[in-house]
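In our numbering, the protein residues as written are 33 to 110. Even glycine gets a Cβ: it sits at the ideal position worked out from N, Cα and C.
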């Protein structure tokens with residue numbers, strides 16, 4: 033009787049340890065998913081910064097082209 037009771041307790045402790053390991057693995061997977069989401073957000077912010085830089089440089093280029101065109105017209109009619 034004592035042996036059966038001890039064996040049952042041993043199995044219960046073993047199952048509980050396994051459940052705890054599974055919970056820990058799930059928590060680790062969740063942390064990894066959160067890190068991946070954060071990396072993706074950072075990549076998106078970087079792409080947005082690159083788009084802003086590109087748009088700004090493109091606009092600057094267009095502004096310069098416009099000024100050159102205006103100056104050419106002014107020079108032509110002087």
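Three-state class that DSSP yields for residue i in the structure shown
| i | result |
| --- | --- |
| residue 98 | helix |
| residue 168 | A question about residue 168 goes unanswered here, because the residues of the chain that appear run from 33 up to 110. |
Through-space distance from residue j to residue i, alpha-carbon basis
| i | j | result |
| --- | --- | --- |
| residue 83 | residue 76 | 10 Å |
| residue 48 | residue 58 | 15 Å |
| residue 43 | residue 78 | 52 Å |
| residue 52 | residue 37 | 22 Å |
| residue 107 | residue 90 | 26 Å |
| residue 101 | residue 80 | 31 Å |
| residue 63 | residue 98 | 52 Å |
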